[in-house]
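Trainee: First, the structure itself, so that you have it in front of you.
Residue numbers (our numbering): 231 to 463.
Structure follows, in structure tokens:
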């Protein structure tokens with residue numbers, strides 16, 4: 231094997247438009263895409279995890295008191311990072327009070343390591359073949375049989391495929407046009423095969439639409455208030 235990961239699906243993947251934009255062609259076909267990862271045990275075929283599987287795994291994890299405790303400890307650190315991330319997106323400098331200290335960075339890494347075992351069942355949902363990999367023990371057995379570089383590459387791909395990209399937006403207006411004129415999405419896309427990234431993009435589209443409506447309503451309210459002020463023409 232030549233060591234090259236093969237992506238197969240009709241058409242070529244488009245170039246990235248920017249860090250948080252994805253082409254409609256790419257995201258609307260994501261549920262069809264699979265990847266063949268070459269290993270000494272043959273090709274491991276994987277795909278992006280579905281939203282249905284991700285939600286099911288999240289419910290199961292939240293039933294575990296230890297996981298809930300880990301998430302509770304992680305949340306304040308994540309919120310600090312998120313606030314600075316949002317500032318950077320607005321081209322604002324990061325706030326010093328939200329900068330993580332060395333101790334907090336170490337705690338963040340430790341919490342990440344504690345959360346890893348809980349993500350492994352979701353990784354299983356990304357594996358298409360071989361079909362004998364059905365449990366975490368099966369996955370661990372496979373990883374133990376691979377060379378370290380192969381195991382690391384497979385684990386990294388499974389992590390990528392089982393993690394949603396929460397900031398993705400579709401470049402252009404095709405989703406808005408489809409919604410406005412009742413144009414169907416791909417006929418083979420449904421709630422069972424919709425990927426976590428597809429669900430995120432659709433959700434972000436709804437959020438952006440709601441925010442746009444709110445902005446218009448706020449502007450109209452401001453204009454109405456200004457019109458009723460004394461001295462207004």
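Heads up, the beta-carbon is just placed ideally off N, CA and C, and yes, glycines get one too.
1. For a test of the three-state rule: what should DSSP assign to residue 399, helix, strand or coil?
2. In the DSSP output, which residue or residues are listed as bridge partners for residue 252?
3. State the beta-bridge partners of residue 280 as determined by DSSP.
4. Spell out the partners DSSP gives residue 359 in its beta bridges.
5. Name the residue from 268, 262, 252 whose alpha carbon lies nearest to the alpha carbon of residue 383.
6. Classify residue 395 as buried or exposed, calling it buried when 16 or more other Cβ atoms lie within 10 Å of its own Cβ.
7. Is residue 263 near the ligand SAM, judged by its Cβ being under 8 Å from some heavy atom?
8. Taking the Cβ atom as the reference point for each residue, do residue 281 and residue 417 lie within a distance shorter than 9 Å?
9. When you compare each of 251, 298, 258, 285 to residue 341 by their alpha carbons, which one comes out closest?
10. Cα separation between residue 369 and residue 325?
11. Under the three-state reduction of DSSP, which class applies to residue 368: helix, strand or coil?
12. Answer with buried or exposed for residue 450, where buried requires no fewer than 16 other C-beta atoms within 10 angstroms of its C-beta.
Mentor: Considering the structure as presented:
1. On the chain shown, position 169 is the one that residue 399 refers to. In the structure shown, residue 399 sits in a strand (DSSP, three-state: E or B).
2. For the purposes of this step, residue 252 is taken as residue 22 along the chain shown, with counting starting at 1. According to DSSP, residue pairing for residue 252 in a beta bridge involves 400.
3. The residue given as residue 280 occupies position 50 in the chain shown. As DSSP reads the structure, residue 280 sits in a beta bridge with 425.
4. For the purposes of this step, residue 359 is taken as the residue at position 129 of the chain shown. Residue 359 has 275 as its beta-bridge partners, per DSSP.
5. To locate residue 383, count along the chain shown from 1; it is residue 153. Of the candidates 268, 262, 252, 268 places its Cα closest to the Cα of residue 383.
6. Looking up residue 395 in the chain shown gives position 165. Classification of residue 395: exposed, given that the 10 Å Cβ count is below 16.
7. Here there are no bound small molecules, and the ligand SAM is not part of this structure.
8. On the chain shown, residue 281 is found 51 positions in, with the first residue counted as 1. On the chain shown, residue 417 is found 187 positions in, with the first residue counted as 1. Going by beta carbons, residue 281 and residue 417 fall outside the 9 Å limit.
9. To locate residue 341, count along the chain shown from 1; it is residue 111. For residue 341, the nearest C-alpha among the options comes from 298.
10. As a position in the chain shown, residue 369 is number 139, starting the count at 1. As a position in the chain shown, residue 325 is number 95, starting the count at 1. The C-alpha of residue 369 lies about 42 Å from the C-alpha of residue 325.
11. As a first step, residue 368 must be located in the chain shown, where it is residue number 138. Residue state, collapsed to three classes: helix.
12. Position 220 of the chain shown holds residue 450. Exposed, by the Cβ-count rule.
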